[in-house]
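Structure, as structure tokens:
Residue numbers (this note's numbering): 1 to 487.
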């Protein structure tokens, strides 16, 4: 191996090998006179070997070495690695170099010269300087944005805090301090929630993926309920902190509970009253039928009209009480574990209303209807009311009534489409309120409860109901339910 290496060095002398090195390289003697100058040094500096050799290395006008050369200084520890300096290229251009310097010694250890290798880093330094300026400017912008954000957060009345990925509090606004007093812990779970370790329901991991999380929390020592909105901060693809805005909802919760209790009591009252008042109406209607059947020939015109009106009024009262009873039961039914067959229920309602369909001449067409997880009785009530409404108000003008359903934007939507007179924009805003009926309903029997029941069913199960104009004339009633909750 040594023989092969010796042969190689014989064939390729050291000066030839150094000439192939891509790094600029030159040697100087004790007088700092250049004694060797390789081809890479020629390329980088613009000076040829003949122009450089036998000259003092100071001809390069390097900075700072041209002012105070420390090549043979006792105060310098050699080798020197990565020193940055500048010099003038032969064409006058100022270039930046990164160089390594070392001393050359003879066999006795005496210094006989020096060696310097270098590369040009002008463009690199220029880009580095530009990048540093950009980073500095962006840092200043971020600091200004952060200061502005904190000024805004300090000015709002809701308590706010910011924590990092290690649960350290990095900011709390004045409103938070007013709620908790002096905060003497650096961890959010200790300072705000009085926990020894991180909260079990802590959303930090989700928030750092970019999600916004809503929670209801109680701060320690405070009999108040807060809605806490946890957001990623800053709003980038890689947030590093969590911003939590806390809104006091104690009074809202109390009001909701009182309202819920009042609604329960009202529903119970309506259910009881409807049931108790409905009971005497059955014999009243029956006796009126008996009078008309057995004694109509013995009654004069006034008597017949009186008995007929008694029956109609009793039937109207019964229908009203049944509708009120249905309205009160909307929130009392348990949600089924599995979706119900909506298409089957709609067809059953069509059979139930067959007499009205035949009398009106309606042509009812039922299309696809996605299933939902809502009590079957409520689905039936919904289609019963909507179909009966379309038959009463539209079928005599245009027989076609269409029922269909579809998925859109995460909701199951059901449509009952008629081609009758339709409803005005003013009526469309109020038609789902209790006891509100359209302007064309004066000669048509009804209680004004049916559509209110439909709207309540939709509302209880997270949906909504509304009416739109049918293309070409008519009304399209739409009821929507969240697909993910009910599908």
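Note that the Cβ used here is the ideal one computed from N, Cα and C, for glycine as well.
Contact test: residue i Cβ vs the ligand SAH heavy atom, cutoff 7 Å
| i | result |
| --- | --- |
| residue 32 | As far as ligands go, the structure on display features none, and thus does not contain the ligand SAH. |
Residue i versus residue j: straight-line alpha-carbon distance, rounded
| i | j | result |
| --- | --- | --- |
| residue 144 | residue 235 | 16 Å |
| residue 199 | residue 188 | 9 Å |
| residue 225 | residue 176 | 14 Å |
| residue 126 | residue 186 | 42 Å |
| residue 169 | residue 158 | 17 Å |
| residue 103 | residue 75 | 13 Å |
| residue 365 | residue 387 | 11 Å |
| residue 2 | residue 97 | Below a pLDDT of 50, predicted positions are generally treated as unreliable, and residue 2, at 49, falls in that range; the measurement from the model is reported next regardless. Approximately 37 Å between the Cα atoms of the pair. |
| residue 330 | residue 191 | 44 Å |
| residue 254 | residue 459 | 21 Å |
| residue 392 | residue 423 | 13 Å |
| residue 463 | residue 252 | 22 Å |
| residue 47 | residue 82 | 23 Å |
| residue 66 | residue 31 | 14 Å |
| residue 207 | residue 181 | 27 Å |
| residue 183 | residue 171 | 11 Å |
| residue 153 | residue 468 | 43 Å |
| residue 27 | residue 92 | 23 Å |
| residue 412 | residue 155 | 43 Å |
| residue 194 | residue 219 | 8 Å |
| residue 109 | residue 49 | 28 Å |
| residue 256 | residue 395 | 42 Å |
| residue 490 | residue 461 | Coverage of the chain is limited to positions 1 through 487, which leaves residue 490 absent and any answer about it impossible. |
| residue 383 | residue 401 | 13 Å |
| residue 333 | residue 166 | 46 Å |
Close beta carbons around residue i, own chain, < 8 Å, minus the five adjacent residues each side
| i | result |
| --- | --- |
| residue 237 | 210 |
| residue 70 | 76 |
| residue 443 | Because the pLDDT of residue 443 is 48, which lies under 50, any placement of that residue in the model is unreliable, and the question is left without a value. |
| residue 470 | 417, 418, 419, 422 and 476 |
Cβ shell of residue i (< 6 Å), same chain only, five flanking positions each side left out
| i | result |
| --- | --- |
| residue 249 | 225 and 227 |
| residue 60 | 87 |
| residue 80 | 101 |
| residue 204 | 242 |
| residue 231 | 212 and 243 |
| residue 58 | 66 |
| residue 179 | 159 |
| residue 62 | 85 and 87 |
Chain-order list of residues whose beta-carbon lies under 7 Å from that of residue i (same chain, five-residue window excluded)
| i | result |
| --- | --- |
| residue 304 | 296 |
| residue 95 | 86, 87, 89, 120 and 122 |
| residue 360 | 391, 395 and 396 |
Helix, strand or coil at residue i [DSSP, three-state]
| i | result |
| --- | --- |
| residue 77 | coil |
| residue 223 | coil |
| residue 187 | strand |
| residue 197 | coil |
| residue 92 | coil |
| residue 206 | helix |
| residue 432 | coil |
| residue 1 | For residue 1, the pLDDT reaches just 41, beneath the cut-off of 50, and the residue's location in the model is therefore unreliable, although a value from the coordinates is still provided. Of the three classes helix, strand and coil, the one that applies to residue 1 here is coil, per DSSP. |
| residue 408 | strand |
| residue 235 | coil |
| residue 65 | coil |
| residue 491 | Absent from the model: residue 491. The displayed extent of the chain is 1 to 487, so no value can be given. |
| residue 128 | helix |
| residue 461 | coil |
| residue 362 | coil |
| residue 59 | helix |
| residue 82 | strand |
| residue 264 | helix |
| residue 280 | helix |
| residue 480 | strand |
| residue 152 | helix |
| residue 340 | strand |
| residue 216 | strand |
Beta-ladder partner(s) of residue i, from DSSP
| i | result |
| --- | --- |
| residue 244 | 161 and 230 |
| residue 469 | 475 |
| residue 113 | 29 and 104 |
| residue 380 | Residue 380 is not bridged to any residue. |
| residue 87 | 95 |
| residue 34 | 28 |
| residue 172 | 161 |
| residue 400 | 363 |
| residue 120 | 97 |
Below-8 Å beta-carbon distance, residue i vs any chain B residue
| i | result |
| --- | --- |
| residue 233 | Looking at the structure shown, chain B is missing, and only one protein chain is on hand. |
Is the segment 404–412 in contact with the segment 356–374, if contact means three or more CB pairs nearer than 8 Å? Remark: three or more beta-carbon pairs, one from each stretch, lie closer than 8 Å, so the segment 404–412 and the segment 356–374 are flagged as touching.
Under 8 Å, with one C-beta from each stretch per pair, do the segment 313–321 and the segment 340–353 reach the 3-pair mark? No: the two stretches stay apart, fewer than three of their Cβ pairs being nearer than 8 Å.
For the 8 Å Cβ check, are there 3 or more pairs between the segment 475–483 and the segment 414–421? With the cut-off at 8 Å, the segment 475–483 and the segment 414–421 touch.
Inter-stretch contact at 8 Å, needing at least 3 Cβ pairs: the segment 28–42 / the segment 110–119: They touch, by the three-pair rule.
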